[in-house]
Each structure stands twice: as structure tokens, then as C-alpha cells.
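The structure appears below as C-alpha cells.
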Amino acid sequence: MQIIEKDNVKWEEEFLHQDVPSITPYLIEGGRAAPIILVIPGGGYGHRAYHEGEPVANWLNQNGFHACVLRYQVAPISQQETIEQAQQAIQTMKIKRTDWGLNDQHKVGVLGFSAGGHLAAIISNRYLESKGYTSRPDFQILCYPVITMDEFTHEGSKTNLLGENPDQQLIDQYSCEKIVHENTPPAFIWSTANDQSVLSVNSLKYAEVLQRYQIPYELHIYQDGRHGLGLADEHPNTVDWKQACIRWLSAYITEGEED
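Residue numbers for the sequence shown follow UniProt numbering, beginning at 1 and rising by one.
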């Protein structure tokens, strides 16, 4: 996985369909030891939304977390290549965290929006093992995520990821509510009740299965808010998700970690 420093990344090219998969680190100044989070922007597997990338990494830095933004390839790339790019990003972060002033005690998580939330949920349930490192994240943060590939899916994401007329086996394989297991990491999930692009039932279906497997999770369904809010700074009814997320991270993820 290529690493591109933030001073060298060209975010104005973010909507190019094909480029080299990479991560861009956003490390807290001063080298503070803290968890690091992979940020995966959405975009329906057809592009990557800038406002769900770098601004989110900066917000995480402001709240005491290191971050990396994933630039993953989108359609017409194969779904397996897309998944492996995200898995390799987690592995790369684990390999590099010593160079970044972290150690094995500091957790590596994933945060994804919309289709990026689907990708985050997929890699939270399916792992690569290589060179002594697992791609399993320690926690997952899913923001108005696409979860299912069944009737409540986001059709654009489904088509871009699986192609036209996928068979049921492929649909099941990429429906995140059908691949949860006993080792799935804890989750923070939020959505809005009137999101017409990615229905909140996606989040509800995932939470229901997490509950069944007794995986710790926190779920917020806000009454109002369109799809694609990102940090939601201009939406007072939903901007609370940021504080709720930081509280969850502080209470359940960073507890017991030391510099």
C-alpha cells in the first residue's frame, strides 16, 4: 500500500476514477501516542467524496486521534480488489505505527461514510493475514452506511460494486448483516431517519445482528438530515454525532491505553 504524505496529495484529483490506491497519514503534531483511524470516504463506489476524507481526518486530529485517509479504486475495479485495498491499508497502518510513534497497545480502527461505511463494515468482518499482521480493525465507526445488498440497498453502490444482475450468492457475500461473527469488532453507527438515498434500515439491520452476536455497539438514528452530511457542521439536529462518537471512543476504545 503506497503512502502519500498530505503535503503531496492532490485532492483536486479525488474524483478521478482510476489511480493508485494509497493512504495519506494525518498524525497529531508532537508525536502523541494515540489510536489511529482509517477514514474511508463514500461515493457509491463510483467516486470518493472529499468532504468525507481530509476534513474528517483533521477533526479526528483535533480530538486526539491519528488518522489516515484511504484513496481506494472504484468501479469498474473488481469488488475483491477494492476490499483488499482497504484490508491492506489497515495492515500497512499496523506495520507503520511504530515509525509513527505508536505501539501495539494503540488501537487501529476504521471510519467510513455511506459506501465507505459498507467497505468499513466488510473489512470489519473479513480479514487478511500476512507478514504477522491481521487486517482486522479494533473498532468500526459507520456513518449512514450502506450495509445490505438486498432490497434496502443503495442501488448505485450495489451496481458499481457487484455489476449488473449479480447472483444471490454474490449479494449475500457483500451484505454486511450476513457476515457478522463472534470476532466482529465493536461498532459506533449513526444514520438519519429521512435519508432517502441510504435508508436507515441498513444501520438497523446491522445493529440487530451485532446484538445477536453480543458485539458491543452504539446506534444513533437522528430524526432529520439528508444523505451525505459528513461532519454535519451545518446541521444542528445531527452534528451531535461527533460528540457522541468521541464519547464512545473515550469510554470504550481508548480506556486503558497509555502513552
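All residues carry an ideal CB built from backbone N, CA and C; glycine is no exception.
Note that the structure is predicted; figures quoted are calculated from it, not measured.
- The C-alpha of H181 lies about 30 Å from the C-alpha of Q2.
- For E218, the enclosing beta strand (DSSP E) begins and ends at Y217 to Y222.
- Judged by their CB atoms, V108 and I23 are not nearer to each other than the 8 Å cut-off.
- Rounded to whole angstroms, the Cβ separation of F113 and E52 is 4 Å, and the two are in contact under 8 Å.
- Annotated three-state conformation of G116 is helix, per DSSP.
- With respect to the 8 Å criterion, Q73 and Q85 are classified as neighbours on the basis of their beta carbons.
- Comparing C-alpha distances from Y222 to each of Q214, L204, P216 and V209 shows the shortest one belongs to L204.
- For C176, no pairing in a beta bridge is given by DSSP.
- Cβ-Cβ distances below 6 Å link T159 to nothing in the same chain once the five nearest sequence neighbours on each side are left out.
- For S22, the enclosing beta strand (DSSP E) stretches over residues S22 to Y26.
- The alpha helix (DSSP H) runs lying completely inside the region 15-85 and spanning 4 residues or more are 54-62, given in chain order.
- In the DSSP assignment, the residues bridged to G109 are I37.
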